[in-house]
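Residue numbers (the numbering used here), protein chains in the order written: chain A, 613 to 694; chain B, 1271 to 1677.
We put the beta carbon where it would ideally sit given N, CA and C, even for glycine.
Reading through the structure tokens given below for one structure.
Structure representation (structure tokens):
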């Protein structure tokens, strides 16, 4: 199971802070859309698009649809970039 | 619903439960495909099974040809050429089914639908569509779309027998829930759950609750309100509200039966209802009602449309991105309307729901959240108000289509 390196984890955290306008948000693996104000269907796709740009990766619609929490998202990013 | 009242149904479930434990040498999806084929043949007829296997083989061959293509420019062109053909072919089968077997089709004068109706009246095609109708062609269509998209997205292509087990799982026929291809594929990575008393009791409890809801509560409710041969009242909004409650009792009943059997056999089966009458917005109601259909449109329509539009128009212009999101949000409701019936009233129902859910989103994000920050109200006030608003809107919009729905 791939895990994100510290620098990439920081990069992802900053994306979340900027997108959801919440600088104190802590990215635990179990964090879900229901826990973050403003993380709706629109911002979910927006988040994925920003991550694609920042990490220079591309996700399929299946991968996007199956994301259930931040932990899975980190694993997915790690599997693409390492 | 005939499958659940067929005396062979519990025997077939027991057969799959016992023989399912013997699948260690064969892939689980394939072994379930074999057992499922027997169950489909017994419950729905060997002709339906034969047509299902032919249909499965056709799509398996097509998908195998597309996915095994060599990488490179020629491969990309071949996939781009084949992808729409696969989706269109599934849509053609669905339209033929709707044209031939629905009691009413308001779009029969449209040239495309009219031509397909004529083609479907050829005896051989007619017979094939009728055989597939017995095993719920509307749901086969949804599963075919999920299968095609998942495989083209990189999911493993199952063998034809395993694929037939995904397309028509006997205990989810003829009315759903809509299972997920990627979940079905994962069965091969998981060992068969050991037989435990707890799992057996939990699964049996779900099945018994489902039977009780469907065959006792829903039937008594129906008998009490409209009698043995009575017709559901559709002229008043109150009649529609009562009918909606009846549909909930019956539909959630057989969804529970399917869920229980799925748990018992360790076959991935989605939950279909999550207290829809407690929803405080219309959007939330449809996230809690027939959830597997909602998740299907999210996976196969909303996300691909939204991602494609964002990649096409960019996300930098937030207003354009927001408008594309509103459009992508409305589209699934229009699809769901048409999927239910080919009538103007169902199309209107889908459009009205799409507009309402889009307006709800704009109001919530642009007005309500700001208002909430300034004037926080206790949940015991907002929740009942939300429930009353939601049920009123759901019933009034359903009233638009209720005549067609009951037919």
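Check: So what does DSSP say about residue 1420 (chain B), is it helix, strand or coil?; Outcome: helix
Check: What is the DSSP secondary structure of residue 1299 (chain B), reduced to helix, strand or coil?; Outcome: helix
Check: Can you tell me the Cα-Cα spacing of residue 1599 (chain B) and residue 1524 (chain B), whole angstroms?; Outcome: 29 Å
Check: Out of B:1587, B:1325, B:1476 and B:1333, point me to the one whose CA is closest to residue 1422 (chain B)'s CA.; Outcome: B:1333
Check: Assuming residue 1620 (chain B) and residue 1603 (chain B) make a contact with CB atoms under 8 Å, what is their CB distance in whole Å?; Outcome: 5 Å
Check: Please go through the region 1389-1476 of chain B and give each complete beta strand (DSSP E) segment of 3 or more residues, from N-terminal end onward.; Outcome: none
Check: Return the residues of the region 652-670 of chain A that lie within a Cβ-Cβ distance of less than 8 Å from chain B, sorted by chain order.; Outcome: 652, 653, 654, 657, 658, 660, 661 and 662
Check: For the putative contact between residue 616 (chain A) and residue 686 (chain A), defined by C-beta atoms under 8 Å, what is the C-beta separation to the nearest angstrom?; Outcome: 5 Å
Check: So, for residue 1682 (chain B): in the same chain, excluding its five sequence neighbours on each side, which residues have a beta-carbon less than 8 Å away from its beta-carbon?; Outcome: In the structure as shown, chain B starts at 1271 and stops at 1677, and residue 1682 (chain B) therefore has no counterpart that could be examined.
Check: Any C-beta of chain A within less than 8 Å: which residues of the region 1417-1430 of chain B qualify?; Outcome: 1419, 1420, 1423, 1424 and 1425
Check: Would the region 1480-1491 of chain B and the region 1280-1287 of chain B be scored as touching if the rule is three or more Cβ pairs under 8 Å?; Outcome: no
Check: Quick one: any contact between the region 1438-1455 of chain B and the region 1533-1540 of chain B, if contact means 3 or more CB pairs under 8 Å?; Outcome: yes
Check: Anything in chain A within Cβ reach of residue 1359 (chain B), meaning under 7 Å, just list it in chain order.; Outcome: In chain order: nothing, as chain A lies at least about 20 Å away.
Check: Would you report the Cα separation of residue 1314 (chain B) and residue 1431 (chain B), rounded to the nearest angstrom?; Outcome: 17 Å
Check: How far does the alpha helix (DSSP H) with residue 655 (chain A) in it extend, from its first residue to its last?; Outcome: 653-667
Check: Under 8 Å Cβ-Cβ, which residues of chain A neighbour residue 1567 (chain B)?; Outcome: Ordered by position in chain A, no residue passes the 8 Å Cβ test against residue 1567 (chain B), which lies about 11 Å from the chain.
Check: Taking a Cβ distance cut-off of 8 Å, strictly less, list which residues of the region 1438-1459 of chain B are near chain A, in chain order.; Outcome: 1452
Check: State yes or no: is the beta carbon of residue 1499 (chain B) nearer than 8 Å to at least one beta carbon in chain A?; Outcome: no
Check: Straight-line CA distance for residue 1580 (chain B) to residue 661 (chain A)?; Outcome: 8 Å
Check: Could you tell me which whole alpha helix (DSSP H) segments of length 4 or greater appear in the region 1512-1594 of chain B?; Outcome: 1552-1558, 1561-1567 and 1573-1583
Check: So what's residue 1291 (chain B) in DSSP terms, helix, strand or just coil?; Outcome: coil
Check: Does residue 1690 (chain B) come out as helix, strand or coil in the three-state DSSP assignment?; Outcome: In this structure chain B extends from 1271 to 1677, so residue 1690 (chain B) is not present and cannot be described.
Check: Could you pull out every residue in the same chain whose Cβ sits closer than 8 Å to the Cβ of residue 1657 (chain B), ignoring the five residues on either side in sequence?; Outcome: 1547, 1548, 1549 and 1550
Check: Where do the ends of the alpha helix (DSSP H) carrying residue 630 (chain A) lie?; Outcome: 618-631
Check: Would you please verify whether the beta carbon of residue 677 (chain A) is less than 8 Å from any beta carbon of chain B?; Outcome: yes
Check: Distance cutoff 8 Å, beta carbons only. Does residue 673 (chain A) sit that close to anything in chain B?; Outcome: yes
Check: Please list, in chain order, the residues of the region 1585-1608 of chain B that have any C-beta partner in chain A closer than 8 Å.; Outcome: 1585, 1591, 1592, 1595 and 1599
Check: Considering Cα atoms alone, identify which of B:1670, B:1650, B:1623 and B:1298 is closest to residue 1457 (chain B).; Outcome: B:1298
Check: Can you tell which of B:1502, B:1291, B:1454 and B:1564 has the C-alpha that lies nearest to the C-alpha of residue 1517 (chain B)?; Outcome: B:1502
Check: At the 8 Å Cβ level, is residue 1651 (chain B) part of the contact set with chain A, yes or no?; Outcome: no
Check: Please name the residue, chosen from B:1330, B:1419 and B:1552, that lies closest to residue 1662 (chain B) on a Cα-to-Cα basis.; Outcome: B:1552
Check: Could you tell me whether the region 647-664 of chain A touches the region 1581-1601 of chain B, using the rule of 3 or more Cβ pairs below 8 Å?; Outcome: yes
Check: Report the rounded CA-to-CA distance for residue 1274 (chain B) versus residue 1311 (chain B), giving the unit in angstroms.; Outcome: 15 Å
Check: Go to residue 686 (chain A), then tell me how far its alpha helix (DSSP H) extends in each direction, as first and last residue.; Outcome: 682-693
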